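Protein chains in written order, with this note's numbering: chain A, 173 to 441; chain B, 173 to 441.
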């Protein structure tokens, strides 16, 4: 008899966190998943820490009330601005994993020069959460907010000449002066993995591109222990605070497969 | 003795509606103003009608509870998706003016060919509110969602070559075929007036650029009757659901002057 797998609740401000869920499904297939996209209140990237914490806590409580035994804060901004508040608001028997520590760990492991560049939303950059997490690992970070990347990805322009120009405008002067030797670029926003091929053309060839989604899934896999090897298809249930139809439509390209099973949540905070 | 001026409550999802307030201050200086920016829940442009209606009604009720005798729905998306719901939720003695009817009226007045192009958010376009309002005036409209314009304006790139390329990508194929004779461009989003000089270079020279903010202020001026000529400085009080500091910083360029007097509102819906 196979034991019932753990239930992992994945929280994000919208559909971007589906890039994290996608990695979790690959690396932790023995779990079942609940995904909460707070699409009625996105984006978090330009909002204040108090507002982000309030929204994130209400969402993670919703996931707990639906059976989540582990929480993954798939939103970089929510992790950066509200992870401590979420942990304080969560019972001790439920683990809470953000995307920043795993991302920083991965970047530190791949950087020989001990200098990296982090790109993220305004909120994540202003919190300096990546900078602190990297400094604890002996790595210096230069942070850069790239507010147009999310709307460009949402417009579907992931391989567009306009996006490439914007990427050059944001990134060209980062790998110089004190950071001329920087050898890793941390994608500190869940939308950015969709820009990986384009960013590969923009940043110097020796720079490793570090994706927090992969690192976070790996961290969860390690903490839960190896799968029992059964190739059972994990169940996934989706919750969205705005239209389920829009969630389904927009989410597919982030998850890399069609999305069914979306429930609308009318959340009160 | 001068009579006390009317109190006008202006509602928007964020700071964009300050372009409407700016026009109101010019054209209706005899009023006092309350401005509500729902910055914790913006943007509305990509959300569903139900969500937008819920947010807009809670905000306009807040304005009424603070003394608003007239309501201006300065957000095109909220007007397009929720004006009827707002009117139904508002007592009969409080007038409700959206930005779409005045904008459509102005466009109809300026179009000789009876063909116009409307640019707006996804939500406003999908509602076809401008198309209906223009058709009632015998004018055919082609609507086009321009989702990157708001983030480009918010990035401050109002006169940037990237923005001009994006404008060409969005607009170049609109003034052709059935709409080759279109002679007006309606700016159906409160952020777009900041792009007026750039858009002037992108659209054909014979196309009039119609700004709903100006048209809405004019409509309010007409409905309230002429000012008594006293040049009293209108009082303006601002409410924001996210950080007041961010509201102040971001709002200045939309209002065209410094913003003080912002109160944080923790709204429950």
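The C-beta atom is built at its ideal place from N, Cα and C for all residues, glycine as well. Nothing here was measured: the structure is a model prediction, and the numbers come from that model.
{"query": "Between residue 199 of chain A and residue 393 of chain A, how many whole angstroms is the CB-CB distance? I'm expecting something under 8 Å.", "result": "4 Å"}
{"query": "Starting from the C-beta of residue 310 of chain B, find all residues in its chain whose C-beta is less than 8 Å away, skip the five residues before and the five after it, and write them out in chain order.", "result": "280, 286"}
{"query": "Can you pull the chain A neighbours of residue 414 of chain B, defined as C-beta to C-beta under 7 Å?", "result": "219, 220, 223"}
{"query": "Please name the residue, chosen from A/187, A/192, A/177, A/212, that lies closest to residue 413 of chain A on a Cα-to-Cα basis.", "result": "A/212"}
{"query": "Any Cβ of chain B within less than 9 Å of the Cβ of residue 338 of chain A?", "result": "yes"}
{"query": "Shortest alpha-carbon distance to residue 359 of chain A belongs to which of A/272, A/197, A/183?", "result": "A/272"}
{"query": "What residues from the stretch 303-319 of chain B come within 8 Å of chain A, judged by C-beta to C-beta, listed N to C?", "result": "319"}
{"query": "By Cβ distance, which residues of its chain are closer than 6 Å to residue 173 of chain A, with the 5 residues on each side in sequence left out?", "result": "Legend: pLDDT at residue 173 of chain A = 40, less than 50; position of this residue unreliable, value from coordinates given subsequently. Once the five neighbours on either side are set aside, residue 173 of chain A has no close Cβ partner at all."}
{"query": "Note down, in chain order, every chain A residue with its Cβ under 7 Å from the Cβ of residue 288 of chain B.", "result": "Result: empty, since nearest Cβ-Cβ is about 24 Å, beyond 7 Å."}
{"query": "Since residue 289 of chain B is in the beta strand (DSSP E), which residue starts that stretch and which ends it?", "result": "287-292"}
{"query": "Starting from residue 182 of chain A and walking both ways along the beta strand (DSSP E), at which residues does that stretch end?", "result": "179-184"}
{"query": "Three or more beta-carbon pairs under 8 Å between the stretch 423-441 of chain A and the stretch 178-186 of chain B, yes or no?", "result": "no"}
{"query": "Quick check on DSSP: helix, strand or coil for residue 347 of chain B?", "result": "coil"}
{"query": "Which of helix, strand or coil does DSSP assign to residue 428 of chain A?", "result": "coil"}
{"query": "Quick check on residue 363 of chain A: buried or exposed, where buried means 16 or more other Cβ atoms within 10 Å of its Cβ?", "result": "buried"}
{"query": "Residue 173 of chain B CB to nearest chain A CB: under 9 Å?", "result": "With a pLDDT of 41 at residue 173 of chain B, under the threshold of 50, the modelled position of that residue is not reliable, and the figure given next carries that caveat. For residue 173 of chain B, the answer is no, since every Cβ of chain A falls outside 9 Å of its Cβ."}
{"query": "Using a 10 Å radius around the Cβ and a threshold of 16 neighbouring Cβ atoms, would you call residue 365 of chain A buried or exposed?", "result": "buried"}
{"query": "Step through the CB atoms of chain C and report whether any lies within less than 9 Å of the CB of residue 213 of chain B.", "result": "Here the protein chains are A and B, and chain C is not one of them."}
{"query": "Please confirm whether residue 275 of chain A and residue 248 of chain A have their CB atoms less than 9 Å apart.", "result": "yes"}
{"query": "Which residues of chain B have a Cβ atom closer than 7 Å to the Cβ of residue 425 of chain A, listed in chain order?", "result": "By Cβ distance, chain B contributes nothing, its closest Cβ being about 15 Å from residue 425 of chain A, past 7 Å."}
{"query": "Would you say residue 152 of chain B and residue 308 of chain B are within 9 Å of each other, going by their C-beta atoms?", "result": "Residue 152 of chain B lies beyond the stretch modelled for chain B, which goes from 173 to 441, so this question has no answer here."}
{"query": "Can you tell me whether residue 407 of chain A is helix, strand or coil according to DSSP?", "result": "coil"}
{"query": "Can you list, in chain order, the residues of its chain whose CB lies under 6 Å from that of residue 322 of chain A, leaving out five sequence neighbours each side?", "result": "363"}
{"query": "In whole angstroms, what is the alpha-carbon distance linking residue 418 of chain B and residue 253 of chain A?", "result": "16 Å"}
{"query": "Would you call the CB atoms of residue 183 of chain A and residue 246 of chain A closer than 9 Å?", "result": "yes"}
{"query": "With 9 Å as the threshold, decide whether the Cβ of residue 346 of chain A is near any Cβ in chain B.", "result": "no"}
{"query": "Please determine, among B/384, B/373, B/434, the residue with the shortest C-alpha to C-alpha distance to residue 196 of chain B.", "result": "B/384"}
{"query": "Residue 395 of chain B: buried (16+ other C-beta within 10 angstroms of its C-beta) or exposed?", "result": "exposed"}
{"query": "Taking the alpha carbon of residue 386 of chain B as the point to measure from, which residue in B/278, B/186, B/230, B/234 has its own alpha carbon closest?", "result": "B/278"}
{"query": "Let's test the definition: count the other Cβ atoms within 10 Å of the Cβ of residue 340 of chain A and tell me whether it reaches 16, buried, or not, exposed.", "result": "exposed"}
{"query": "Along the chain, where does the alpha helix (DSSP H) that runs through residue 132 of chain A open and close?", "result": "A query on residue 132 of chain A cannot be resolved here, the shown segment of chain A reaching from 173 to 441 and no further."}
{"query": "In whole angstroms, what is the alpha-carbon distance linking residue 424 of chain B and residue 205 of chain A?", "result": "44 Å"}
{"query": "Counting only Cβ pairs nearer than 8 Å, list the residues of chain B close to residue 334 of chain A.", "result": "334, 337, 338, 341"}
{"query": "Is residue 374 of chain A close to chain B, meaning its C-beta is less than 9 Å from at least one C-beta of that chain?", "result": "no"}
{"query": "Residues of chain B with CB under 8 Å from residue 132 of chain A, in chain order?", "result": "Lying outside 173 to 441, the shown extent of chain A, residue 132 of chain A is not represented and no answer is given."}
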